[in-house]
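*Asks:* Residue numbers (our numbering), protein chains in the order written: chain A, 68 to 381; chain B, 68 to 381. Using N, Cα and C, we set each Cβ at its ideal position, and we do this for glycine too. Let me give you the structure first, and then I'll get to my questions.
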């Protein structure tokens, strides 16, 4: 690496702070666009309690809006939640230079097209984080487990930028692989997320173990997974059917834990209903593929999410 | 009516206490088999706060088990919840005489066959209560709204006993009709119960109005209703498809209210998961009819119910 890459993070929650913190540790120049956490991060930087070892760092610049950032970023890493009310293009547009790579560290399916249509000439890297991490308070991140990252040039292929990021991550013990078919990788992640995230909320705050141990509930998990596989295939991203058994097997070995959606629900934060379920349900409708189990979860989750957010005003 | 009918109530919750109280008011001799509420009811009788006018009454006998009842009942009215752990035949067997009519004032579908096989020579009347009523405390019932009752000789037809009960109810302003096809009437009630009861719990404590006002949720309501209709038809009890629109229309006019299942959930009481959903899902499997929306609700409700009951021990 000849030049320190200039990186700007938009969405300074747990995932974004953790991974950009590791990039800073690897020598990158990292700046933060903060919102609610501006004052704490500007004053104290970011502290990351991590199973990989605690560390802290100070972003090069801490700004309230990307327009206040003084440089020209090589990478804009977007780690906001995927919510209808968050317009990512408008959050980053002012600093998207012709050489800027936009990296999406976000959940869900079919989240790249709006970014690609807003910035058709920029490289987009789509990323999947497999990690248990939460924000304890502004500027203070708790990394409990896992941490693997998968990065892929969108829609397909290899790129020097993806390789550069992966090398940086691996240099600081974050296991990061590049994947030439990131869309299929995203579908594979949805195979797990689509059942377990919504169901953990709808079943009254259930852990993965509780869902696995209830036969009727496990059957629903599997039926949702089958619909995701059918939908992935319909969209040209087939996944081998043995993948479901492998996911179930892996999950049965996991320490029982609360999904990220359940943590959001319990924290009275908006859940990524549209990114995880809504986009899939709409794609299925376009493709005329029946997905009744996904639609059932979607019909319930939209309402519980709305009620949960409304309760904030109580 | 030449002779006062002798009636024994098993299941002295809100529904049973209300309706047998009205029968006492109409001149019947009513005795109670009490469990947790034995002492209060024996001491003070039953007080019913009702939109039809408050009233109180003392059961002729208050016993802890039906074997302690001194007479031979003309009617045993069963108004327990329908739960796998409640074995109705064993609760009533000792006083089921050859002339005893067994009346089931209970929710759900396909609940009569176990009673019929235990007492093949007795008349069974299956009843549906359309009422908002709750038990405020032992011996104290609050009747808030509605109250219509539908009674039918099981499996089909007319009977003097059903007519006698209906006449008693109507004499004290409880609107009671007899129905010669009570199985279809039960399916019709399930058309409403199968979506709204479970979904009110799963969507985080939603009122009927909240479910109606969320388009994705209303779509799920309608899809569940369609599956119930398809299943009713498969079992030989066809319901006109316009019935769904009528139910939706009626519900949109109702004062927003919490379903009985939601009240049970909030009260940490067992929900009638098997009577409302489990029996339907099993019937569908027998008939090889796909009911993915019902199965989705069932897969979630079994777990949330189990967790809710376990929490009682907290």
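Please go through the stretch 299 to 366 of chain B and give each complete alpha helix (DSSP H) segment of 4 or more residues, from N-terminal end onward.
*Replies:* Counting only runs of 4 or more, we get 309 to 320, 327 to 333 and 346 to 353.
*Asks:* Closest to residue 135/A by C-alpha separation, out of 106/A, 162/A, 157/A and 116/A, would be which residue?
*Replies:* Mapped onto the first chain, residue 135/A falls at position 68. Checking every option, the nearest Cα to that of residue 135/A belongs to 162/A.
*Asks:* Within a Cβ cutoff of 7 Å, which residues of the same chain sit near residue 194/B, ignoring the five residues on either side of it in sequence?
*Replies:* In the second chain, counting from the first residue as 1, residue 194/B sits at position 127. Closer than 7 Å at Cβ, skipping near neighbours: 170, 171, 172, 216, 217 and 218.
*Asks:* Pull the bridge partners of residue 87/A from the DSSP assignment, please.
*Replies:* Taking the first residue of the first chain as position 1, residue 87/A is located at position 20. DSSP lists no partner for residue 87/A.
*Asks:* Checking 8 Å against the spacing of the C-beta atoms, do residue 361/B and residue 283/B come in under that value?
*Replies:* Within the second chain, the letter at position 294 stands for residue 361/B. Within the second chain, the letter at position 216 stands for residue 283/B. Against a cut-off of 8 Å, the Cβ pair of residue 283/B and residue 361/B comes out as no contact.
*Asks:* Quick one, which residues of the stretch 317 to 349 of chain B are near chain A if we go by CB-CB under 7 Å, in chain order?
*Replies:* From the stretch 317 to 349 of chain B, no residue has a Cβ closer than 7 Å to chain A.
*Asks:* Scan the stretch 139 to 152 of chain B for residues whose Cβ lies nearer than 7 Å to a Cβ of chain A and list them as they occur along the chain.
*Replies:* Within the stretch 139 to 152 of chain B, no residue has a Cβ that lies closer than 7 Å to any Cβ of chain A.
*Asks:* Would you call residue 184/A buried or exposed, if buried means 16 or more other Cβ atoms sit within 10 Å of its Cβ?
*Replies:* Numbered from 1 along the first chain, position 117 holds the residue referred to as residue 184/A. Label assigned to residue 184/A: exposed.
*Asks:* Over what stretch of residues does the beta strand (DSSP E) that includes residue 109/B continue unbroken?
*Replies:* Position 42 of the second chain, counted from the first residue, corresponds to residue 109/B. Element bounds for residue 109/B: not the beta strand (DSSP E) but the alpha helix (DSSP H), 105 to 111.
*Asks:* Give me the Cα-Cα distance between residue 302/A and residue 202/A, rounded to the nearest whole angstrom.
*Replies:* The residue given as residue 302/A occupies position 235 in the first chain. The residue given as residue 202/A occupies position 135 in the first chain. Spanning the two alpha carbons is a distance of roughly 35 Å.
*Asks:* Let me know if residue 166/A comes out buried or exposed under the rule of 16 or more other beta-carbons within 10 Å of its beta-carbon.
*Replies:* In the first chain, counting from the first residue as 1, residue 166/A sits at position 99. The residue in question, residue 166/A, is exposed, as its Cβ has fewer than 16 Cβ neighbours within 10 Å.
*Asks:* For residue 252/B and residue 296/B, I'd like the C-alpha separation in whole angstroms.
*Replies:* By 1-based counting over the second chain, the position of residue 252/B is 185. By 1-based counting over the second chain, the position of residue 296/B is 229. Taking the straight line from one Cα to the other gives about 12 Å.
*Asks:* With a threshold of 8 Å between beta carbons, is residue 232/B in contact with chain A?
*Replies:* Position 165 of the second chain, counting from 1, holds the residue named residue 232/B. Taking Cβ atoms only, chain A never reaches closer than 8 Å to residue 232/B, which makes this a no.
*Asks:* Is residue 152/A near the ligand MN, with its Cβ less than 7 Å from a heavy atom?
*Replies:* You won't find the ligand MN in this model; it holds no ligand whatsoever.
*Asks:* Would residue 264/A pass as an interface residue toward chain B - the criterion being a Cβ-Cβ separation below 8 Å?
*Replies:* If you number the first chain from 1, residue 264/A lands on position 197. Answer no: the Cβ-Cβ gap between residue 264/A and chain B never drops below 8 Å.
*Asks:* Note down the Cα distance separating residue 309/A from residue 292/A, rounded to an integer number of angstroms.
*Replies:* Your numbering for residue 309/A matches position 242 in the first chain. Your numbering for residue 292/A matches position 225 in the first chain. Each residue's alpha carbon lies about 11 Å from the other.
*Asks:* Using a C-beta to C-beta distance shorter than 9 Å, which residues of chain B count as neighbours of residue 315/A?
*Replies:* Start at 1 with the first residue of the first chain, and residue 315/A comes out as number 248. In chain order: nothing, as chain B lies at least about 14 Å away.
*Asks:* Kindly give me the distance between the Cβ atoms of residue 144/A and residue 250/A, rounded to whole angstroms, as I take these residues to be in contact under 8 Å.
*Replies:* Position 77 of the first chain, counted from the first residue, corresponds to residue 144/A. Position 183 of the first chain, counted from the first residue, corresponds to residue 250/A. The pair is not a contact, with the Cβ atoms about 19 Å apart (cut-off 8 Å).
*Asks:* Within the continuous alpha helix (DSSP H) that includes residue 178/B, where are the two ends?
*Replies:* Translated into the one-based positions of the second chain, residue 178/B becomes position 111. First-last for residue 178/B: undefined, no H or E at that position.
*Asks:* Rounded C-beta distance between residue 192/B and residue 168/B? I'm assuming under 8 Å.
*Replies:* Taking the first residue of the second chain as 1, we reach residue 192/B at position 125. Taking the first residue of the second chain as 1, we reach residue 168/B at position 101. Yes, they are in contact, since the Cβ atoms of residue 192/B and residue 168/B sit about 6 Å apart, within 8 Å.
*Asks:* From this set, 110/B, 210/B and 133/B, which residue's C-alpha is nearest residue 88/B's C-alpha?
*Replies:* Stepping through the second chain from its first residue, residue 88/B is reached at position 21. Comparing Cα-Cα distances from residue 88/B to each of 110/B, 210/B and 133/B, the minimum goes to 210/B.
*Asks:* Distance cutoff 8 Å, beta carbons only. Does residue 173/B sit that close to anything in chain A?
*Replies:* If you number the second chain from 1, residue 173/B lands on position 106. Judged by the 8 Å Cβ criterion, residue 173/B is not in contact with chain A.
*Asks:* Quick one: grab the DSSP three-state call for residue 130/A.
*Replies:* For this step, residue 130/A is matched to residue 63 along the first chain. Strand.
*Asks:* So is residue 161/A in contact with chain B if we call contact Cβ pairs under 8 Å?
*Replies:* Locating residue 161/A in the first chain gives position 94, counting from the first residue. For residue 161/A, the answer is no, since every Cβ of chain B falls outside 8 Å of its Cβ.
*Asks:* Measuring only the C-alpha atoms, how far is residue 382/A from residue 304/A?
*Replies:* Past the boundaries of the shown model lies residue 382/A; chain A is included only from 68 to 381, so the question cannot be answered.
*Asks:* Buried or exposed: where does residue 100/A fall if 16 or more other Cβ atoms within 10 Å of its Cβ makes it buried?
*Replies:* Within the first chain, the letter at position 33 stands for residue 100/A. Classification for residue 100/A: buried.
*Asks:* Once the 5 residues before and after residue 133/A are set aside, which same chain residues still bring their CB inside 7 Å of it?
*Replies:* Position 66 of the first chain holds residue 133/A. These residues qualify, in order along the chain: 75, 77, 100, 158, 159, 161 and 162.
*Asks:* Considering only the alpha carbon of each residue, which of 105/B, 220/B and 335/B lies closest to residue 248/B?
*Replies:* As a working note, residue 248/B is residue 181 in the second chain. Minimum Cα distance to residue 248/B is reached at 220/B.
*Asks:* Please specify which runs of the beta strand (DSSP E), each continuous and at least 3 residues long, are wholly inside the stretch 184 to 234 of chain A, giving them in chain order.
*Replies:* With a minimum length of 3 residues, the continuous beta strand (DSSP E) runs that stay inside the stretch 184 to 234 of chain A are 191 to 204 and 207 to 221.
*Asks:* Which residue's Cα is closest to the Cα of residue 189/B: 264/B, 222/B and 174/B?
*Replies:* On the second chain, residue 189/B is found 122 positions in, with the first residue counted as 1. The option with the nearest alpha carbon to residue 189/B is 222/B.
*Asks:* Just the Cα atoms here: how many angstroms apart are residue 288/B and residue 206/B?
*Replies:* For this step, residue 288/B is matched to residue 221 along the second chain. For this step, residue 206/B is matched to residue 139 along the second chain. Cα-Cα distance, rounded: 36 Å.
*Asks:* Alpha carbon to alpha carbon, how far is residue 274/A from residue 320/A? Give it in angstroms, no decimals.
*Replies:* Here residue 320/A corresponds to residue number 253 of the first chain, with the count starting at 1. Here residue 274/A corresponds to residue number 207 of the first chain, with the count starting at 1. Their backbone Cα atoms lie some 13 Å apart in a straight line.
*Asks:* Which residue's Cα is closest to the Cα of residue 343/A: 204/A, 237/A and 259/A?
*Replies:* Residue mapping note: residue 343/A aligns to position 276 of the first chain, counting from 1. Of 204/A, 237/A and 259/A, the residue nearest in Cα terms is 259/A.
*Asks:* Would you report the Cα separation of residue 330/A and residue 197/A, rounded to the nearest angstrom?
*Replies:* For the purposes of this step, residue 330/A is taken as the residue at position 263 of the first chain. For the purposes of this step, residue 197/A is taken as the residue at position 130 of the first chain. Distance between the alpha carbons of residue 330/A and residue 197/A is about 16 Å.
*Asks:* Anything in chain A within Cβ reach of residue 278/B, meaning under 8 Å, just list it in chain order.
*Replies:* Sequence index remark: in the second chain, residue 278/B carries index 211 (1-based). In chain order: 370.
*Asks:* Excluding the five sequence neighbours on either side, which residues of its own chain have a C-beta within less than 6 Å of the C-beta of residue 68/B, listed in chain order?
*Replies:* The residue given as residue 68/B occupies position 1 in the second chain. Reliability of the predicted coordinates at residue 68/B is poor, the pLDDT of 47 falling under 50, and no value is obtained from them.
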